[in-house]
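In our numbering, the protein residues as written are 154 to 383. Glycine included, C-beta positions come from ideal geometry on N, C-alpha and C. Note that the structure is predicted; figures quoted are calculated from it, not measured. In what follows, a single structure is set out as structure tokens and then discussed.
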Amino acid sequence: MEEIIVTDLTRFSEGSKYVCLAGISTETGKLIRPLPYLTIVDSEKLDIRPGTKLQGVFELRPHLENPHTEDHNYDEGLTGAGRVTSDEFRRVLENSSFLTLNEGFGLPVAPKEKSYSPENCPQRSIITLKVDPKLVQIVPNQYDSNKLKAHITDGEGVALSFLSITDKGFYHFAQDHHRFDQLEEINAFIHNSQEVFVRVGLGREHKGKYWLQVNGIYTFPEPFVDLRGE
Numbered sequence: 154m155e156e157i158i159v160t161d162l163t164r165f166s167e168g169s170k171y172v173c174l175a176g177i178s179t180e181t182g183k184l185i186r187p188l189p190y191l192t193i194v195d196s197e198k199l200d201i202r203p204g205t206k207l208q209g210v211f212e213l214r215p216h217l218e219n220p221h222t223e224d225h226n227y228d229e230g231l232t233g234a235g236r237v238t239s240d241e242f243r244r245v246l247e248n249s250s251f252l253t254l255n256e257g258f259g260l261p262v263a264p265k266e267k268s269y270s271p272e273n274c275p276q277r278s279i280i281t282l283k284v285d286p287k288l289v290q291i292v293p294n295q296y297d298s299n300k301l302k303a304h305i306t307d308g309e310g311v312a313l314s315f316l317s318i319t320d321k322g323f324y325h326f327a328q329d330h331h332r333f334d335q336l337e338e339i340n341a342f343i344h345n346s347q348e349v350f351v352r353v354g355l356g357r358e359h360k361g362k363y364w365l366q367v368n369g370i371y372t373f374p375e376p377f378v379d380l381r382g383e
């Protein structure tokens, strides 16, 4: 039996009944993505949020290929084991964090590309990026004002614009607060935070690319909204 602390809870496309989760092992510090995906109903029954502790028997899936090397089976199911404190969650993020995308993924990413090719992709699919709070911006989608995107700039000045936000909790919260004045409030809170950690992930292959996305935006010492249920 192994325990993970959930760091990523992400949605799929509109209408999907599944969520994707990933967490860091309290024993090894490695990232584990439990598969098969949980349904939204089952994730709500377990009250899964970022910071939730889950226990299970995780076995690395055979024949994994980069970048999704964190996939694990959990044939015996998952059990909730409570939730870490905000300070504990911050330590988990800090201990897994990088200051640059290049350092985190081990490969440079072209800002205008926002993706990696299957022929030249990282050996991991999710990183924690510690960023200057003032270099994170939530903006409307250029083509659909009801959806939100994120601009982030890392410690080397690599700027990525209009990244999809797949963070389930933040996405649903932000969808109800997407008017310009409310976005200003969200961005002001992020910019005034002491620390911001962004979970940056790579989706499954789509149109011959692995696209970067924002799996989680975590502000400290306070969250903008109680997404972790503390």
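N-terminal and C-terminal residue of the beta strand (DSSP E) that residue i is part of
i	result
S317	A312 to I318
L246	Per DSSP, L246 belongs to no beta strand (DSSP E); it is in the alpha helix (DSSP H), S239 to N248.
K302	L301 to T306
K283	I279 to V284
T145	Given a span of 154 to 383 for the chain in the structure shown, any question on residue 145 remains unanswerable.
R202	Element bounds for R202: n/a, residue is neither H nor E.
G176	Y171 to S178
T163	E155 to R164
G235	T232 to R236
H225	D224 to N226
Q290	V289 to P293
L188	L184 to L188
V351	E348 to L355
Beta-carbon proximity of residue i to residue j, cut-off 8 angstroms
i	j	result
V172	L191	yes
V292	I343	no
F323	L246	no
E223	I185	yes
V159	T232	no
L365	V262	yes
E156	T181	no
D161	N368	yes
S270	K183	no
Enclosing alpha helix (DSSP H) for residue i [first to last residue]
i	result
L254	L254 to F258
K198	I193 to K198
Nearest-angstrom Cα separation, counted from residue j out to residue i
i	j	result
G382	D285	Confidence at G382 is low in this model, with a pLDDT of 48, below 50, so the placement of that residue is unreliable and no value is reported for it.
T163	H325	11 angstroms
N248	F242	10 angstroms
E338	R352	22 angstroms
S196	L188	13 angstroms
E167	D320	13 angstroms
H221	R357	8 angstroms
R236	T372	17 angstroms
S268	L252	19 angstroms
K265	D228	40 angstroms
L301	N294	5 angstroms
S169	V194	12 angstroms
K360	I318	19 angstroms
P376	A303	17 angstroms
Y296	L316	13 angstroms
G230	Q347	38 angstroms
L217	L313	28 angstroms
L174	P215	19 angstroms
P374	S250	17 angstroms
K287	I305	9 angstroms
L355	G310	20 angstroms
Closest residue to residue i among the options (Cα-Cα distance)
i	options	result
Q208	R244, L199 and L301	L199
D307	P220, L282, Y371 and N294	L282
N255	P275, N340 and T372	P275
N340	A263, R244, I370 and P374	I370
M154	N226, Q347, G361 and H216	N226
I280	E272, D297 and G257	G257
G259	R277, V311 and E272	R277
I177	R244, L355, E272 and L316	R244
N273	G230, N219, T238 and R202	N219
A234	P203, G354, E309 and N345	P203
beta-carbon residue i near the ligand ATP non-hydrogen atom, thresh 7 angstroms
i	result
A263	Absence of the ligand ATP is noted for the structure shown, with no ligands found whatsoever.
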